[in-house]
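A.B. asks: In the working numbering, the protein residues as written are 610 to 1266.
1. How about residue 811 and residue 1045: do their beta carbons lie closer than 8 Å?
2. Considering only residues of the stretch 1009-1071, which uninterrupted alpha helix (DSSP H) runs meet the minimum length of 4 residues and lie entirely inside it, listed in chain order?
3. Where residue 1203 and residue 1129 are concerned, what is the direct C-alpha to C-alpha distance, given to the nearest angstrom?
4. Residue 679 and residue 670: beta carbons closer than 8 Å?
5. If we count the other Cβ atoms within 10 Å of its Cβ and call it buried at 16 or more, is residue 970 buried or exposed?
6. Decide if residue 1098 is buried, meaning its Cβ has at least 16 other Cβ atoms within 10 Å, or exposed.
7. Report buried or exposed for residue 830, applying the criterion of at least 16 other Cβ atoms within 10 angstroms of its Cβ.
8. Using 8 Å as the threshold, is the C-beta distance between residue 1244 and residue 1264 below it?
9. Alpha carbon to alpha carbon, how far is residue 972 from residue 879?
10. List the endpoints of the continuous beta strand (DSSP E) containing residue 768.
11. Which two residues bound the contiguous alpha helix (DSSP H) that contains residue 1126?
12. Would you say residue 694 and residue 632 are within 8 Å of each other, going by their C-beta atoms?
13. Starting from residue 686, follow the alpha helix (DSSP H) in both directions and report where the run begins and ends.
14. Looking only at its chain, what residues have a beta carbon closer than 8 Å to the beta carbon of residue 896, apart from the 5 residues adjacent to it on each side?
15. Smallest Cα separation from residue 765: which of 1135, 700, 1180, 1000?
16. Residue 947 bridges to which residues according to DSSP?
17. Roughly how many angstroms separate the alpha carbons of residue 975 and residue 964, rounded to a whole number?
18. Would you mind sorting residue 619 into buried or exposed? The rule is 16 or more other CB atoms within 10 Å of its CB.
19. Helix, strand or coil for residue 771? Go by DSSP, reduced to three states.
20. Use the C-beta contact count for residue 1181: other C-beta atoms within 10 angstroms, 16 or more gives buried, fewer gives exposed.
21. Give every residue of the same chain whose Cβ lies closer than 6 Å to the Cβ of residue 1043, excluding the five residues on either side of it in the sequence, and list them in chain order.
22. If contacts are defined as beta-carbon pairs under 8 Å, then residue 907 and residue 919 qualify, I think. What distance do you get, rounded to the angstrom?
23. Taking the Cβ atom as the reference point for each residue, do residue 1016 and residue 624 lie within a distance shorter than 8 Å?
24. Between the beta-carbon of residue 927 and the beta-carbon of residue 904, is there less than 8 Å?
25. Between the Cα of residue 749 and those of 720, 1078, 1025, 681, spot the shortest distance and give me the residue it belongs to.
26. Helix, strand or coil, according to DSSP, for residue 1221 in the structure here?
27. Does residue 976 come out as helix, strand or coil in the three-state DSSP assignment?
28. Leaving out five residues before and five after residue 899 in sequence, what residues of the same chain have Cβ atoms less than 8 Å from its Cβ?
29. Whole angstroms are fine: how far does the CA of residue 1019 sit from the CA of residue 649?
30. In terms of DSSP beta bridges, what is residue 1248 paired with?
31. Using DSSP with H/G/I as helix, E/B as strand and the rest coil, what is residue 610?
This is the structure we're talking about:
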């Protein structure tokens, strides 16, 4: 591994706080992030890409549907239900930090890929995580009518050496991939050998440390306004525009559309019409007349004659046109142009305004604009005001903190995560968090993110859920609880302030926040509550065997039982009637008389006093009480009478010193 990659890896390790991960796994974590970032427009956890122990030849697997990483059956069911057409990619990764491309290792990698697609009776036994991904794969193929194009298969073998096309491995790879080609299950199969240079370029693309230069000879400067330092409107050849869209592999860079409010919609009637316009020579030439154009926001623009060079840029309007042009790059000619507006700005308010106004011209799902509401800016500011030890980062704009090396990516809270954590913890709806967050926003739109909501509630919901994820990552909490992290967060709230639903603008919100903040800032108490919540969940699942296990995390009955069990525990814990005959109680001596020792009980029971007669102080003869005990001495005593109320001396105890 060269020094450049090592420095990138060290930065990555700091960003994700994976210092305790062994070096090979940390490198896999790093590579999985670099590669899958090319495909996913949403923030993802590289741990979701990594394979578990027992998997041979595969270090990372990702199923990408419509530029979204799919990790659960609920997600694939939801995306099939809400999208007319789907684009599916299966991505497999093998990562080696060594300097040699090894043919045997590549064969093992491809064997793992072929095993993934093999029939159940023919593939080797694997682990639970892989079996879930295979279930998702089977669901996709069983619903092929909604996938107009066959899935794409992308294979990445990463090594820190230098790839040599003349090393003889290309033919070996082609031979090993032949059975996959012959299956006719894929639209295309690509094998990418990633060497040191490719890793470096890919990481720089992830960090947007890339620039693109293109000819824009027909342009005018747009009058500037506050927050915009440069602005141009002009025409770019459609062929030249493709270079702005593609990465070093010649693939479309999905991360330049992160600030676009909607993903590519597939070839719906509008996009099909754009495609037909491009493919027809008669209409392609005047394309700039028929198309609304593209809006690009850049951190820096450098004019040089008729050329412009842009750095760290986003296409915030024109995602549909961009995808169609990229797909049809082979038919673009030299006399077709695209109208492009390019703005240089660092002002987040300007960025939000541009995104909102340029996209209001077309129909966009309401949840896409949700994070531009004023309340989300307030929420972001509130998160930023939290003291550093308990700091989280509210990401109201997609991958907002991706370029910040100093930000722990595990502490980044997305709009989706925030929405789910809030309804789980304060609306007692952890069983609803499997739903797409857009659906949740629609269902609860009049109950959350309101102008007078207490922002502390949102932060607390996220912190409790984050803390549970952290415990699972560190191994102090079993991974089996991953599917129930929102349930555990809800239970901690119930154990602390009760199980009632809490609305953000209620009179009790401030008091509830104060109580929960005490818990958050007392690690010992928070850990204790977390393990109590886990025990409550275990007990709940034991009495819910009539519900299939894979459905329990989304079943309202399970939530109700869990919260009722938590309430029962709190009631028993707070009971003042738990002392009984035979209990041995820690005490402190408060006074001594001729015949009695007076004791203060160190318990939560409201009857916190007791008396021990001289005859019960010891098994031997006691001449005087003060010869056996002293004022302030800590002792243990056993209750020998249950006459707690009628008789003061019913609290006689047998002393255990």
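By construction, the Cβ of each residue, glycine as well, lies at the ideal position given by its N, Cα and C atoms.
C.D. replies: Answer, in terms of the structure:
1. Not in contact: residue 811 and residue 1045 (Cβ atoms no closer than 8 Å).
2. Within the stretch 1009-1071, the complete alpha helix (DSSP H) runs of at least 4 residues are 1024-1035, 1046-1053.
3. In this structure, the straight-line span from the alpha carbon of residue 1203 to that of residue 1129 is close to 49 Å.
4. No, they are not a contact pair.
5. Residue confidence for residue 970 is low, a pLDDT of 46 falling below 50, so the modelled location carries little weight and cannot support an answer.
6. Looking at its Cβ environment, which holds 16 or more other Cβ atoms inside 10 Å, residue 1098 is buried.
7. When all chains shown are included, residue 830 counts as exposed.
8. For residue 1244 and residue 1264, yes; Cβs fall inside 8 Å.
9. Interpretation of residue 972 is limited by its pLDDT of 43, a score under 50 that renders its predicted location unreliable; the figure taken from the coordinates is listed afterwards. Those two C-alpha atoms are separated by around 12 Å.
10. That run of the beta strand (DSSP E) goes 761-768.
11. Residue range 1118-1129 is occupied by the alpha helix (DSSP H) that includes residue 1126.
12. No. Outside cutoff.
13. Run containing residue 686: 682-691, per the alpha helix (DSSP H) assignment.
14. Only 847, 886, 887, 945, 946, 947 meet the Cβ criterion.
15. The shortest Cα separation from residue 765 among 1135, 700, 1180, 1000 belongs to 700.
16. Per the DSSP secondary-structure output, residue 947 pairs in a beta bridge with 845.
17. Interpretation of residue 975 is limited by its pLDDT of 46, a score under 50 that renders its predicted location unreliable; no figure is taken from the coordinates.
18. Exposed, because fewer than 16 other Cβ atoms sit within 10 Å of the Cβ of residue 619.
19. Under the three-state reduction of DSSP, residue 771 is assigned to coil, being neither helix nor strand.
20. Under this definition residue 1181 is an exposed residue.
21. The beta carbon of residue 1043 is closer than 6 Å to those of 683, 1163 in its chain, skipping five residues each way along the sequence.
22. With a beta-carbon spacing of about 4 Å, residue 907 and residue 919 fall inside the 8 Å limit used to define contacts.
23. Yes; because the gap between Cβ atoms is below 8 Å, this pair is in contact.
24. Less than 8 Å divides the Cβ of residue 927 from the Cβ of residue 904.
25. Of the candidates 720, 1078, 1025, 681, the one whose C-alpha sits nearest the C-alpha of residue 749 is 681.
26. Taken through DSSP and simplified to helix, strand or coil, residue 1221 comes out as strand.
27. At residue 976, the pLDDT of 46 sits below 50, so the modelled position is not reliable and the matter cannot be decided from this model.
28. Only residues of its own chain outside the window of five on either side were considered, and among them 886, 892 have a CB closer than 8 Å to the CB of residue 899, listed in chain order.
29. Roughly 17 Å separates the two Cα atoms.
30. Note: residue 1248 is bridge-paired with 1262 in the DSSP secondary-structure output.
31. Collapsing the DSSP output to three states places residue 610 in coil.
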